[in-house]
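Working notes, structure below.
2 protein chains.
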Amino acid sequence: MLAAERRDHLLDLLAREGKIVAKDVAAGLRISEDTVRRDLRDLANEGLCQRVYGGALPVSPAVVDYGARQTVAPDGKRKVASVAAGLVRPGGVVILDGGTTALAVAHALPRDLACTVITHSPPVAVALLDHPQAEVLVLGGRLFKHSAVTCGAAAAEAARNVSADLFLLGVTGVHPEAGLTTGDAEDAAMKRALAARAADTYVLASSEKIGTASRYRVLPWEEISGLVTDEPAHNPVIEQLTAAGVDVLPAGAPSPSSEVSA
Amino acid sequence: MLAAERRDHLLDLLAREGKIVAKDVAAGLRISEDTVRRDLRDLANEGLCQRVYGGALPVSPAVVDYGARQTVAPDGKRKVASVAAGLVRPGGVVILDGGTTALAVAHALPRDLACTVITHSPPVAVALLDHPQAEVLVLGGRLFKHSAVTCGAAAAEAARNVSADLFLLGVTGVHPEAGLTTGDAEDAAMKRALAARAADTYVLASSEKIGTASRYRVLPWEEISGLVTDEPAHNPVIEQLTAAGVDVLPAGAPSPSSEVSA
DNA sequence: ACGATACATGCAGAAACGTGCAACAACAGG
DNA sequence: CCTGTTGTTGCACGTTTCTGCATGTATCGT
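Going down the list, the sequences are from chains Y and C.
When the first sequence is numbered by UniProt numbering, its final residue is 262 and no position is left out of the sequence of numbers.
When the second sequence is numbered by UniProt numbering, its final residue is 262 and no position is left out of the sequence of numbers.
Now the structure itself:
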């Protein structure tokens, strides 16, 4: 592995996970901790990370005007996005919805993951520009500015010509009775069209969405494979969904790792 | 093996694997590491790769990144973009190319201008999100990451279904004999397809493009209506173009443009 | 306060680097 | 056909850079 490549890897790790533990990286890459420490020291000198005891952290968001918006993403969305990104298999084909949560998923994808991403969201496409191994297909159409996605007849038509293993669906409301909802009729139709083209559909549901409903129904529960949320499993709504047979993937607690340090 | 062939091989390797290890390439091609190093040094001088200890990496994403480049858009591009934005009539339909200069045009468009913008560039689409009066049509297709535009058969197909008053074309080279050129064959084809759908085609040519040529021809002079540049009119290349009947719109000096129409 | 862990520094071997040089091929001109 | 020129390639040499280990110091958690 080239030294510069290692450096990129560290920055990538920092962006995706929000921290670096020198020991873990050294073990992961089979190199000495000294080398990792030296790299981190250099990166810190260039202002690309903040050195702390045991590893490094991102520089304060105010300084990173460049990637500011992605770091501003609320913690809940970051966690959901991280778990959802893990659903994308190397070599797999995923349809990525629009919206801020889906955008966070794009940012959370490992930079060197070889996969195909289909999206009707220009911001998602832009976010994937620096993922050299990701094949990106953009679905064209009329730009719906509120959600920053393409929609309309042309977009629906384009959607009919693709298929995928997985659809990561963003919605504005997740409600036991109302199902999955969003605020625009055309947007809802587009999401349905996309869901129809994927073998599995997983919903990205950060906690503020749980229990709320918007005007337009996207899909009923039966047509989705699962849901990723940072809401605790004991939330009544979540329990209800679990009982209804929805595969709920928790994104909240990094739970069982406590015994590792012990 | 020819030297040029070797050079292509290196670039290809860089594109496919994201890195080059000098030692491995030398062993693979049965040539000395010195030769590989020399090649890499040359490629780096041409800005086609980034030299690092042990090999080379693609040009640093930070340098290529559009988000970064748009904020540091050179003065020349800003001037060109400003003049080009003036070519868009209220209620008109314009096709906006990809690339940093076209992106600068998107930013230069008055925020309340009511017009229709057709683009195959996700960054341009994103830039127009806060233009409430602008109707934006995105042409879908496979994302070509280097230029951040969609291309390929799907994009060309989508292009066939639109027409416009004006096409604002970005290129990498503007040369009296070579014509308008760019660095990628598919990208060139897409630009041709777009030019065919517009009544008028104007070239965005900030001064650093003037007099240079890239590998792939986009269009001959006869097929464009004009050219916007911040290069002074007395530049030999510009004079040659003017003599050839190209409508040159100056973006450098705020001076009267009387002689342009003459 | 103590042990454990992380750290900075110096050092040495290894690897990569740049440069100069010579051998060689391609080419132009006589 | 010969010859001088130019450009490329591989080798040799000395230099720089990188990396892991050892040492002693600083910091953390208990």
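Glycine included, C-beta positions come from ideal geometry on N, C-alpha and C.
Helix, strand or coil for residue i? Go by DSSP, reduced to three states.
i       : result
A243(Y) : helix
H120(C) : coil
H146(Y) : coil
N235(Y) : coil
D165(C) : strand
T100(C) : helix
V228(Y) : strand
A125(C) : helix
L113(C) : coil
V105(Y) : helix
V218(C) : strand
V136(Y) : strand
V72(C)  : The predicted position of V72(C) is uncertain, since its pLDDT is 48 and thus under 50; a value taken from the coordinates is nonetheless stated next. Note: V72(C) maps to coil in three-state DSSP.
D200(Y) : strand
V83(C)  : helix
A213(Y) : coil
A262(Y) : The predicted position of A262(Y) is uncertain, since its pLDDT is 27 and thus under 50; a value taken from the coordinates is nonetheless stated next. Here A262(Y) sits in coil by DSSP.
A205(C) : strand
D65(Y)  : Low confidence applies here, because D65(Y) scores a pLDDT of 38, under 50, leaving its location unreliable; read the following figure in that light. Of the three classes helix, strand and coil, the one that applies to D65(Y) here is coil, per DSSP.
Since residue i contacts residue j with CB under 8 angstroms, what's their CB separation in whole angstroms?
i       : j       : result
G98(Y)  : H120(Y) : 6 angstroms
L168(Y) : A84(Y)  : 5 angstroms
P123(Y) : L96(Y)  : Not confirmed; about 11 angstroms, so no contact.
T181(Y) : V218(Y) : 6 angstroms
D230(C) : D200(C) : Actually they are not in contact, since the Cβ atoms of D230(C) and D200(C) sit about 20 angstroms apart, beyond 8 angstroms.
R111(Y) : D12(Y)  : 5 angstroms
Starting from the Cα of residue i, find the closest Cα among the options and give me that residue.
i       : options                               : result
S163(Y) : E231(Y), A27(Y) and A198(Y)           : A198(Y)
I118(C) : Q133(C), V94(C), E46(C) and V105(C)   : V94(C)
E5(Y)   : C151(C), G86(C), L11(C) and G18(C)    : G18(C)
R38(C)  : P58(C), V218(C), P90(C) and A3(C)     : A3(C)
N235(C) : A251(C), S225(C), I210(C) and E223(C) : I210(C)
G183(Y) : T201(Y), L103(Y), L194(Y) and A213(Y) : A213(Y)
R30(C)  : V52(C), G76(C) and M1(C)              : M1(C)
L57(Y)  : K79(Y), V80(Y) and L10(Y)             : L10(Y)
G152(C) : V174(C), A127(C) and L194(C)          : L194(C)
K145(C) : L129(Y), L137(Y) and G141(Y)          : L129(Y)
V237(C) : L137(C), G179(C) and L87(C)           : G179(C)
R16(Y)  : D8(Y), Y216(Y), S147(Y) and L109(Y)   : L109(Y)
A134(C) : P176(Y), R142(Y), E135(Y) and A127(Y) : R142(Y)
K191(C) : T172(C), L40(C) and P176(C)           : T172(C)
A185(C) : H175(C), R215(C) and E208(C)          : R215(C)
Q240(C) : E177(C), E33(C) and E223(C)           : E177(C)
I224(Y) : G47(Y), G28(Y) and V174(Y)            : V174(Y)
L14(C)  : T35(C), S147(C) and V59(C)            : V59(C)
V36(C)  : A148(C), R7(C) and A251(C)            : R7(C)
E208(C) : P232(C), A27(C), G86(C) and A189(C)   : P232(C)
A251(C) : N45(C), A148(C), S32(C) and L87(C)    : L87(C)
Could you pull out every residue in the same chain whose Cβ sits closer than 8 angstroms to the Cβ of residue i, ignoring the five residues on either side in sequence?
i       : result
G54(C)  : V21, A22 and K23
P132(Y) : R111 and D112
L40(Y)  : L10, I20, A22, C49, R51, G55 and A56
R160(C) : A193 and R197
A189(C) : C151 and A156
A26(C)  : S32, E33, T35 and V36
What residues in its chain sit with their C-beta under 6 angstroms from that of residue i, if we drop five residues either side in the sequence?
i       : result
L43(C)  : C49
L227(Y) : V203, A205, V246 and V248
L137(C) : I118
T116(C) : V93 and E135
Return the chain-ordered list of same chain residues with a C-beta closer than 7 angstroms to the C-beta of residue i, the five sequence neighbours on each side being excluded.
i       : result
A244(C) : W221
T101(Y) : K77, V80, A81, G170, L204 and S206
G140(C) : T150, A154, A155 and A158
A106(Y) : L96, V124, A127 and L128
D75(C)  : none
A148(Y) : G98, S121, P122 and P123
Within the UniProt domain "HTH deoR-type" (3-58) of chain C, ranges of the alpha helix (DSSP H) (whole runs, at least 4 residues): 3-17, 22-29 and 33-45
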